[in-house]
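K.L.:
Here the sequence shown stands for residues 8 to 285, numbered as in this note's numbering.
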Amino acid sequence: MLLAANWAAACGGSGPNADTDGMRKEIFLWPEGNMPTVTPYEVNNGGYQDDPGFRPNMVWYPVPEGVEVKGAVLVCPGGAFMFRSPNEGAPVAERLSELGYQSFVVNYRVRPYTMEEGSLDLARAVRYVRAHAESYGIDPENIASVGFSAGGILCGDEALHFDGTVNGSALDDRYVPDSLDQVSADVCAIGMIYSFYGRLSVSNNNVEELRAGNIPPTFYTYGTEDPFYRQFNRNVEAVRQAGVRVESHVLEGWPHGFGVRGGWAEDFDRFLMTVMKH
8 MLLAANWAAA CGGSGPNADT DGMRKEIFLW PEGNMPTVTP YEVNNGGYQD DPGFRPNMVW
68 YPVPEGVEVK GAVLVCPGGA FMFRSPNEGA PVAERLSELG YQSFVVNYRV RPYTMEEGSL
128 DLARAVRYVR AHAESYGIDP ENIASVGFSA GGILCGDEAL HFDGTVNGSA LDDRYVPDSL
188 DQVSADVCAI GMIYSFYGRL SVSNNNVEEL RAGNIPPTFY TYGTEDPFYR QFNRNVEAVR
248 QAGVRVESHV LEGWPHGFGV RGGWAEDFDR FLMTVMKH
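#1: In angstroms, rounded to a whole number, what distance separates the CA positions of residue 147 and residue 133?
#2: Going straight from the alpha carbon of residue 213 to that of residue 131, what length do you get?
#3: Please identify the residue among 107, 93, 252 whose C-alpha is closest to the C-alpha of residue 77.
#4: For residue 263, which of helix, strand or coil comes out of DSSP?
#5: Is the Cβ-Cβ distance between residue 222 and residue 155 less than 8 Å?
#6: Taking the beta strand (DSSP E) that residue 229 belongs to, which residues open and close that run?
#7: So what does residue 279 bridge to, in DSSP terms?
#8: Give me whichever residues DSSP pairs with residue 79 in a beta bridge.
#9: From residue 205 to residue 164, what distance separates their C-alpha atoms?
#10: To the nearest angstrom, how far is the alpha carbon of residue 218 from that of residue 253?
#11: Judging by CA-CA distance, which residue of 126, 150, 34 is the nearest neighbour of residue 169?
#12: Going along the chain, which unbroken runs of the beta strand (DSSP E) with 3 or more residues stay wholly within the region 181 to 234?
#13: If distances are taken between C-alpha atoms only, which option among 135, 240, 43 comes closest to residue 194?
#14: Does residue 33 come out as helix, strand or coil in the three-state DSSP assignment?
#15: Please report the straight-line C-alpha distance between residue 41 and residue 71, rounded to a whole angstrom.
#16: Residue 93 to residue 180, Cα distance in whole Å?
#17: Which residues does DSSP pair with residue 255 in a beta bridge?
#18: Nearest to residue 249 by alpha carbon, out of 238, 224, 258?
#19: Would you report the Cα separation of residue 123 and residue 209, rounded to the nearest angstrom?
#20: Please report the residue range of the alpha helix (DSSP H) in which residue 64 lies.
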């Protein structure tokens, strides 16, 4: 825990046990003045969700008292990389916490920033949770991510390109790696909720690329009335052909954007229990 304590001190905090109520709820992901950035952004004249001073962060939704802690899940709302949809954040984290997962809504960077900058935010969030696994009462290997639409694409990009100990200098050579960058950003599983591996609106079905990415077991849920339904089907098959363990749930007649509804959280819970260490 010394590594985590050193990093938290550099960020102006003292880890998850900082507040008088026991644990900090909002956690900034980068120390001030050292965030990997390739997008110049000084004035919000484009109607962007976040102003230039926005600091990527995550909000913790703890497992209720009396519920067994199973692991941690990082929740990435969708919004076409233009915004973060509220119905895919807090309600999802609250449900997953009820099921036994320390849950974190990741407020990653969206436009004008690139997807890759957002992926680094997610990787940083994974590292933070892993570095503080003991405080959260979890096995450090039991950390998963789940994303909706663009948020799922972000989860996939993080797993493909910014996992392990890949740090911000891969994108921004001005970034100065710190002690938290020594912690792995790997996740044990990904939940793709009406989403896929790829880029916005375009799935990556290249089996060799997916195999080379060494992506974790992947859980899908999507509806037959989603405009991306056929792309979801193709991505599921490509990921399966890449040798990745896949579970897919298709909701007849359901559209895009159903958030926490559809019973997928309970299915995801059962899936995670077959992946996570006990």
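C-beta: ideal position from N, C-alpha, C; glycine also.
P.N.:
Put simply:
#1: 10 Å
#2: Rounded to whole angstroms, residue 213 to residue 131 spans 27 Å at the Cα level.
#3: Of the listed residues, the one whose Cα sits closest to residue 77 is 107.
#4: coil
#5: no
#6: Unbroken beta strand (DSSP E) run through residue 229: 225 to 230.
#7: Its beta-bridge partners do not exist; DSSP assigns none.
#8: 109, 150
#9: 7 Å
#10: 13 Å
#11: 126
#12: 197 to 200, 225 to 230
#13: 135
#14: strand
#15: 34 Å
#16: 33 Å
#17: 227
#18: 224
#19: When rounded, the distance between both Cα atoms is 16 Å.
#20: First-last for residue 64: 64 to 68, but that is the beta strand (DSSP E), not the alpha helix (DSSP H).
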